[in-house]
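Visitor: Chains as they are written, first to last, in my numbering: chain A, 8 to 209; chain B, 8 to 209. Cβ coordinates follow ideal geometry from the N, Cα and C atoms, glycine included.
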DNA sequence: CTATAATATGAACAACCATTCAGTTTATGA
DNA sequence: TCATAAACTGAATGGTTGTTCATATTATAG
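(1) State the start and end residues of the unbroken alpha helix (DSSP H) segment that holds residue 78 of chain A.
(2) I want to see whether chain B comes within less than 8 Å of residue 117 of chain A, judged by CB atoms only; does it?
(3) Below 8 Å between beta carbons is the criterion; list the residues of the region 171 to 182 of chain B that meet it against any residue of chain A, in chain order.
(4) Hey, would you say residue 11 of chain B sits closer than 8 Å to residue 26 of chain B, going by beta carbons?
(5) Can you look up residue 154 of chain A in the DSSP assignment and give me helix, strand or coil?
(6) Would you say residue 59 of chain A faces chain B, with C-beta separation under 8 Å as the test?
(7) Say whether the region 173 to 180 of chain A touches the region 86 to 106 of chain A, bearing in mind that this needs 3 or more beta-carbon pairs closer than 8 Å, one atom from each stretch.
(8) Would you mind working out which of B:164, B:145 and B:201 sits nearest residue 191 of chain A, comparing C-alpha positions?
(9) The alpha helix (DSSP H) with residue 13 of chain A in it runs from where to where?
(10) Are any of the Cβ atoms in chain A nearer than 8 Å to that of residue 129 of chain B?
(11) When you compare each of B:56, B:32 and B:70 to residue 9 of chain B by their alpha carbons, which one comes out closest?
(12) Excluding the 5 residues flanking residue 53 of chain B on each side, which residues of the same chain have their C-beta closer than 8 Å to its C-beta?
(13) Whole angstroms is fine: what's the gap from residue 50 of chain B's alpha carbon to residue 28 of chain A's?
(14) Shortest alpha-carbon distance to residue 84 of chain B belongs to which of B:92, B:102 and B:95?
(15) Of all the options A:131, A:41 and A:57, which has the alpha carbon lying nearest to the alpha carbon of residue 18 of chain A?
(16) Got a sec: which bits of the region 41 to 70 of chain A sit with their beta carbon under 7 Å from any beta carbon on chain B, in order along the chain?
(17) For the alpha helix (DSSP H) containing residue 116 of chain B, name the first residue and the last one.
(18) Can you give the Cα-Cα distance for residue 139 of chain A and residue 62 of chain A, rounded to whole angstroms?
(19) Ignore the nearest five residues each way along the sequence and tell me which others in residue 117 of chain A's own chain have a CB closer than 8 Å to its CB.
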């Protein structure tokens with residue numbers, strides 16, 4: 008079974024959240040498999056049996072966390088992007104919002120990517136549906152004559168790749184240079200806008 | 008301990024490789040944690056004890072597989088890129104070689120990314136050193152006036168992100184459209200070269 | 001106040017698994 | 001050929017872990 012039993016009383020809601028938060032922290036630090044129910048309940052300060060009042064299994068808890076993150080990051084990006092007018096500004100805001108969210112919740116990467124080793128279909132569904140929405144937005148931008156008429160599916164994965172790896176660099180503190188988010192996003196947008204290569208004089 | 012004992016006799020080399028290959032396949036299909044030594048030795052057709060003749064632990068085998076893949080993919084890319092003259096052609100060849108290698112060894116993604124959940128430092132070292140080499144090549148290209156003088160560290164992660172996610176799309180069969188590698192690489196290169204957005208008439 | 005449902009406990013269980021080791025078989029080289 | 005080393009075996013071990021359950025506590029509605 009997969010169904011989570013949501014608590015009803017005030018105290019029980021507290022317990023639910025304490026368990027949820029403890030699991031997020033431990034899945035992040037040690038990974039899903041290395042985290043035991045005992046670890047989670049100890050950190051949450053409840054008995055082992057309490058866990059099973061709300062979550063029928065360890066896997067169901069993981070799925071619930073994944074769904075929550077997935078929902079939140081999309082909402083965050085959509086909300087910020089909607090404030091911008093042009094596709095250029097929307098693209099810049101989308102990349103920036105993703106990176107900022109990732110920096111605020113560094114657990115996100117671990118938890119989303121780990122789905123590949125827990126249930127591959129979860130991983131595929133996540134990126135597939137993320138891409139589908141992205142493609143819709145890009146196709147509208149093509150119609151509006153804001154971006155060039157390139158294959159939107161390929162472009163969607165290209166832009167997702169950029170965002171994810173730049174986010175990775177920021178969150179994991181890879182590299183040695185300036186890690187100011189606005190600066191980094193500026194560099195990325197410059198490349199996306201003007202291209203990487205020097206133009207030959209015509 | 009981490010040290011692998013390499014076999015010396017002809018038969019032993021065969022056994023070593025059979026165990027190695029079985030592990031690659033199982034780590035790919037089920038993930039590292041869900042794969043047991045019993046699974047590996049059964050698939051390889053040897054006794055449990057045989058495993059420990061060559062690998063002092065399950066982790067040491069994983070690390071050896073990771074190192075092998077890491078080495079091979081770099082060699083493959085370096086060899087193909089070295090045949091090209093211009094940075095544009097090198098970049099195109101690099102992306103293409105990566106995707107083709109990933110398609111030939113779909114286990115690579117799982118095994119490299121899973122390092123994040125086995126030993127985070129392995130993951131960081133992998134991308135950090137990959138990026139460092141990339142940066143050197145990009146800096147040379149800036150000096151040669153082949154690419155624009157953008158922050159090479161940011162650009163390295165940008166390009167790595169593109170390559171990895173396009174590779175992911177191809178290997179995992181994400182999306183629904185044309186999956187011809189040359190076609191996909193053409194789209195990516197077009198965007199990298201000419202930019203994503205429509206230029207305003209000046 | 002009281003009956004009932006919700007919440008919480010933690011010891012116990014059954015399954016699983018990485019690793020060891022005492023003993024056997026096979027290959028090698030002198 | 002034969003002694004020795006290398007390769008191999010698989011049952012046993014010791015530890016771990018997800019889940020259950022009988023029992024206890026707390027909250028709530030009537």
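Guide: For this structure:
(1) Against the first chain, residue 78 of chain A aligns to sequence position 71. Segment 65 to 88, the alpha helix (DSSP H) holding residue 78 of chain A.
(2) Translated into the one-based positions of the first chain, residue 117 of chain A becomes position 110. Chain B, which has a Cβ nearer than 8 Å to the Cβ of residue 117 of chain A, makes this yes.
(3) Listed by position, the residues of the region 171 to 182 of chain B near chain A (Cβ gap below 8 Å) are 171, 172, 173, 175, 176, 179, 181 and 182.
(4) The sequence position of residue 11 of chain B within the second chain is 4, counting from 1. The sequence position of residue 26 of chain B within the second chain is 19, counting from 1. Contact flag unset, no.
(5) Here residue 154 of chain A refers to the residue found at position 147 when the first chain is read from its first residue. Of the three classes helix, strand and coil, the one that applies to residue 154 of chain A here is strand, per DSSP.
(6) In the first chain, the residue the question calls residue 59 of chain A occupies position 52. Output row for residue 59 of chain A: interface = no.
(7) The answer is yes - the region 86 to 106 of chain A touches the region 173 to 180 of chain A, with three or more Cβ pairs under 8 Å.
(8) Position 184 of the first chain, counted from the start, is the residue given in the question as residue 191 of chain A. If you compare the alpha carbons of B:164, B:145 and B:201 with that of residue 191 of chain A, the shortest gap goes to B:164.
(9) Taking the first chain and counting its residues from 1, one reaches residue 13 of chain A at position 6. In the DSSP assignment, residue 13 of chain A falls outside any alpha helix (DSSP H) and carries neither an H nor an E.
(10) Counting from 1 along the second chain, the entry for residue 129 of chain B is found at position 122. No, because no Cβ of chain A sits closer than 8 Å to the Cβ of residue 129 of chain B.
(11) Sequence index remark: in the second chain, residue 9 of chain B carries index 2 (1-based). Selected option, being the one with the closest Cα: B:70.
(12) As a position in the second chain, residue 53 of chain B is number 46, starting the count at 1. Contacts found: 22, 25 and 26.
(13) The residue labelled residue 50 of chain B in the question sits at position 43 within the second chain. The residue labelled residue 28 of chain A in the question sits at position 21 within the first chain. Spanning the alpha carbons of residue 50 of chain B and residue 28 of chain A requires a straight line of approximately 39 Å.
(14) Within the second chain, residue 84 of chain B is the residue found at index 77, counting from 1. When only C-alpha atoms are compared, the closest one is B:102.
(15) Here residue 18 of chain A refers to the residue found at position 11 of the first chain. With respect to the C-alpha of residue 18 of chain A, the residue from A:131, A:41 and A:57 having the closest C-alpha is A:57.
(16) If you check each beta-carbon in the region 41 to 70 of chain A against every beta-carbon of chain B, none falls closer than 7 Å.
(17) What you label residue 116 of chain B is simply residue 109 of the second chain in a count that begins at 1. According to the DSSP assignment, residue 116 of chain B belongs to the alpha helix (DSSP H) that extends over 114 to 121.
(18) Here residue 139 of chain A refers to the residue found at position 132 when the first chain is read from its first residue. Here residue 62 of chain A refers to the residue found at position 55 when the first chain is read from its first residue. Their backbone Cα atoms lie some 31 Å apart in a straight line.
(19) Your numbering for residue 117 of chain A matches position 110 in the first chain. Closer than 8 Å at the Cβ level, and outside the excluded window around residue 117 of chain A, lie 34, 35 and 38.
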